[in-house]
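Heads up: the sequence shown runs through residues 5 to 203, numbered per the numbering used here. Structure first, commentary second.
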Amino acid sequence: MRVGDDMNSDIEGVILAAGFSSRANAFKMALDFDGKSILQRNIEVMYPFCNRIIVVGGYKVEIIKELIKDYDKVELIYNEEYEKGMFSSVKAGIAKVKSARFLFTPGDYPLLSERTYNSLLEVDGEVVIPIYKGRKGHPIVLHNKLIPLILKEPMDSNLKAFIQNREIQLVKVEEKGILMDVDTIEDYEAAKAYFDKNN
Numbered sequence: 005m006r007v008g009d010d011m012n013s014d015i016e017g018v019i020l021a022a023g024f025s026s027r028a029n030a031f032k033m034a035l036d037f038d039g040k041s042i043l044q045r046n047i048e049v050m051y052p053f054c055n056r057i058i059v060v061g062g063y064k065v066e067i068i069k070e071l072i073k074d075y076d077k078v079e080l081i082y083n084e085e086y087e088k089g090m091f092s093s094v095k096a097g098i099a100k101v102k103s104a105r106f107l108f109t110p111g112d113y114p115l116l117s118e119r120t121y122n123s124l125l126e127v128d129g130e131v132v133i134p135i136y137k138g139r140k141g142h143p144i145v146l147h148n149k150l151i152p153l154i155l156k157e158p159m160d161s162n163l164k165a166f167i168q169n170r171e172i173q174l175v176k177v178e179e180k181g182i183l184m185d186v187d188t189i190e191d192y193e194a195a196k197a198y199f200d201k202n203n
């Protein structure tokens, strides 16, 4: 039995999809990745592990609504302050979390795997982070006791800075995809090439 099958009664997910995609010169959440949008791939790999997934939208939120409409467990949260940057979306999303632990990732990681989620959820800790060849990546698992502390952080802070001061459990994985986000079209092409080579 996968961890996701056993534990999703008290696991929620947060996926950030509110940014401008300015470096990509395209709305990256909607970019096609082997027949699904990048956002949909993120949702579907997280789906078995959660009883609810919170997607934080902002820029082009109408497109986000269309992309998520067929997923019963997905709830869209609109971040009215998305122009202030990613941390505003982090706060908007985690403020809605009700579960004891939750999964978190930006929505521009098209190569995440169920195997990585399984590995992370097997480890207990207030912050659980995957690591590949010495580099930390996404997704991560956070304990809900951190939510009020994150919400109190100044808006010019960020989740990475906050996490550095917490107890972190690192989980070694053999999945390079935890490092491969899509910031630019070059990143997108590299991710597709990696996917084609390994699938």
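Built from N, CA and C at the ideal position, the CB exists for glycine as well.
**Q.** Assigned secondary structure, Phe106 (DSSP; H/G/I helix, E/B strand, else coil)
**A.** strand
With a threshold of 8 Å, are at least 3 pairs of Cβ atoms found where one atom belongs to the region 176-189 and the other to the region 120-133?
yes
Query - Residues of its chain near Gln44, where Cβ-Cβ distance is below 7 Å and the 5 sequence neighbours each way are ignored - result: Closer than 7 Å at the Cβ level, and outside the excluded window around Gln44, lie Leu71.
- prompt: When you compare only the Cα positions, how much space is there between Ile98 and Phe37?
  reply: 27 Å
* Near Met90, what residues of its chain come up, given a Cβ to Cβ distance below 6 Å and the 5 sequence neighbours on each side ignored? -> none
Is it a yes or a no for the region 46-61 touching the region 93-107, going by three-plus beta-carbon pairs under 8 Å?
yes
Check: What did DSSP end up calling Phe31 once you bin it into helix, strand or coil?
Finding: coil
*Over what stretch of residues does the alpha helix (DSSP H) that includes Arg119 continue unbroken?*
118-125
For Tyr113, three-class secondary structure by DSSP
coil
With DSSP collapsed to three states, give me the class of Glu16. strand
Query - DSSP three-state assignment for Phe53, whether helix, strand or coil - result: helix
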